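Worksheet: one structure, shown below.
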Amino acid sequence: MAITNNRLTKEQYEQNFSDIRPPFENKTAAVVEANRCLFCYDAPCTKSCPTSINIPKFIKQISTDNVKGSAHTIFISNIMGAGCSKVCPVEKLCEGACVYNLLEEEPIQIARLQQYSTMKALQENWQLFERKPANGKKVAIVGAGPAGLSCAHVLAREGVEATIYEKEEKGGGLMTYGIAAYKVTPQFCEDEVNYITSIGGIEIKYNQELGKNLSLSDLQQNYDAIYLGIGVGVARQLDIPGEDLLGVVDAIKFIYELRDKGYSAIPIGDKVAVIGMGMTAIDAATQAKRLGAKEVTMIYRRTQEEMPCTEYELNIAKLDGCEIIWLAAPKEVKGVNGKVTQLVCHVMKLGEPDISGRRSPVDTGETITLDVDMVIKAAGQVPFEDLVKGSSLDNKNGKIVIDNNSATNIQGVFAGGDAVNGGKEVVDAVQAGKDGAAAILRYLKLF
Ligand code: SF4
């Protein structure tokens, strides 16, 4: 067993990482699909979209070949509508709510229709919004992820100057650095950030990290308000023996490097274990397989009924040939000469429900041992605890506490997205950014 890179040919990498949600072949295909829509009066699809996109309206606009109007309908609710059309778990959101499911027919392909018009908007740089004249107000936003970008776009539309401080070299946050490459390419992410900022009035300053070369007090002195969209940080540690062996990696770091350095540069084991069953775990497992790992086994301490990922995501992993072991929790990583050779797991059973309402896993006292040479940890991410706890921001276990007006305990400082909720979907962060912008506009008396 060995961990090596460059396992596949260029063609194989390209095939394995091609777009999982491909666009419609042509206009006719999109219009035919749009014409299936029943344009429901109460639109359950819209109700289940966290950003409340008027779905029947944009579909109707596609059916009448008003693609520009359709893109506007999407972007007015969700400026990351293009990215969301590629990464949203639509099976549990809009498409899952489509009335066709009740008729036991395939739901409308809302995501692909959304992609149809928004990608055209990006490719042709359609400017669909006009900025109000500058009103002299300046807002600092920390984090160029979905929450920060969405907040900035709303503020820019209202004539506010928004300056985003981003710790990485590129914008997009989790979209750019934490999502499987077969869902969104790094180039697409860059294009989307450029499209959002092309409205004007938004400047992104890169390599600026709160707590390092950027301080909250400096921002307070120089801006009329601040929005914190700092997201969540590193992968949760397993706190088990052997976690520091060569071959144990964090899922987010693994995904980040894959996107940053390219497929052939990323070393992958022959036999890989992935700990967790969330979306990040699925992304890590499927990409490990697509990089050429011979065996990938996902380990989850509960059962399929309690898993955080969707059925659709689980099926992607299964179709990629990933094995799943339910009711197993990591106990110890064993190694030889400092390198991973085995993963020992507790065998679990389900006990009483915990505070999340899900039945909690209980150790049976038995163990199983897997021969592996790589372990990818995807058991969730933790907030930037040191940063938040080291500030005067109210927090709960490192998550920033806000009121129902997106305001923190510090006057003029607002927050939203993963830094507040601990990690949800991209589309939830977009809505949080909109809520934050609305609160800031009220605070600045611009509404
Ligand atoms: Fe169209 Fe389905 Fe939404 Fe009804 S629920 S408006 S059919 S997409």
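Each number in my numbering corresponds to the 1-based position in the sequence shown with 136 added.
Every residue, glycine too, gets a C-beta built ideally from N, C-alpha and C.
A quick note: this is a predicted structure, and the numbers were derived from the prediction, not measured.
Identity of the residues DSSP links to residue i by a beta bridge
i	result
G471	V476
V368	In DSSP, V368 forms no bridge with anything.
T433	A409, E459
R495	P489
M510	V408
H482	A465, T503
L382	K475
L346	L350
T333	Answer is none; T333 lacks a bridge partner.
K532	K535
I362	A276, V549
Q517	A371
A543	F550
T140	I404
Cutoff 7 Å; reference residue i; Cβ partners in own chain excluding five residues on either side
i	result
G369	Q517, V518, P519, F520
T439	W462, L463, L486
K467	I376, V480, C481, H482, T503
K222	R157, Q251, K319, V320
D571	S542, G552
Host beta strand (DSSP E) of residue i (start-end)
i	result
M311	It is not in any beta strand (DSSP E) - M311 instead sits in the alpha helix (DSSP H) that spans 310-313.
Y301	297-301
F550	549-551
I277	274-278
I195	Premise fails: I195 lies in the alpha helix (DSSP H), 191-199, not in any beta strand (DSSP E).
I340	338-341
Nonlocal neighbours in the same chain, by C-beta distance under 6 Å from residue i, ignoring five residues either side
i	result
L350	Y301, Q344
Y149	Y399
I215	S286, H289, I332
I608	An answer regarding residue 608 cannot be provided, because it is not within the stretch 137 to 583 covered by the chain.
A283	G365, G552, G553, A565, A568, G569
D327	L258
R437	A465, M484, P497
D456	T422, K425
Buried versus exposed call for residue i [16 or more other C-beta atoms within 10 Å across all chains shown]
i	result
F175	exposed
D201	exposed
G281	buried
E447	exposed
D522	exposed
Y252	buried
A401	exposed
S492	exposed
V476	buried
Q547	exposed
S206	buried
Q323	exposed
V105	Examination of residue 105 is not possible in this model, given that the chain is present from 137 through 583 alone.
S154	exposed
Y177	exposed
L382	exposed
L238	exposed
I390	Per the sequence shown, the amino acid found at residue 390 is Phe instead of Ile. Burial call: buried.
T312	buried
L346	buried
E199	For the sequence presented, residue 199 should be read as Ser rather than Glu. Under this definition S199 is a buried residue.
Limits of the alpha helix (DSSP H) - the one that residue i falls within
i	result
M415	415-426
K525	521-525
N152	146-152
V563	562-579
E242	No alpha helix (DSSP H) holds E242; DSSP gives it neither H nor E.
E393	387-397
P225	No alpha helix (DSSP H) holds P225; DSSP gives it neither H nor E.
R172	163-172
P282	282-293
C181	180-183
D554	554-557
A207	203-213
Own chain, CB closer than 8 Å to residue i, minus 5 neighbours either side, in chain order
i	result
V537	L529, D530, N531, T544, N545, V556
S209	First, the residue type needs correcting, since residue 209 is Thr and not Ser in the sequence shown. Excluding sequence neighbours, T209 sits near I189, N190, K193, F194, Q197.
P186	L229, E561, V563, D564, V566, Q567
Q263	S334, I335
beta-carbon residue i near the ligand HEM non-hydrogen atom, thresh 7 Å
i	result
Y252	Although the ligand HEM was asked about, the structure shown includes only the ligand SF4 as ligands.
* Determine, using beta-carbon pairs with one atom in the segment 240-248 and one in the segment 275-289, whether at least three such pairs fall under 8 Å. => Fewer than three beta-carbon pairs drawn from the segment 240-248 and the segment 275-289 are found closer than 8 Å, and the two stretches are therefore not classed as touching.
* **Three CB pairs or more closer than 8 Å across the segment 522-536 and the segment 412-426** => Pairwise C-beta distances place the segment 522-536 out of contact with the segment 412-426, as fewer than three of them are shorter than 8 Å.
* To do: For the segment 137-145 and the segment 189-205, state whether three or more C-beta atom pairs, one from each stretch, are separated by less than 8 Å.
  => Verdict: no, contact absent.
* Asked: Pairing CB atoms from the segment 371-382 with CB atoms from the segment 466-474, are three or more of them under 8 Å?
  -> Yes, the segment 371-382 is in contact with the segment 466-474.
* Pairing CB atoms from the segment 400-408 with CB atoms from the segment 498-512, are three or more of them under 8 Å? -> Counting Cβ pairs under 8 Å, three or more are found: they touch.
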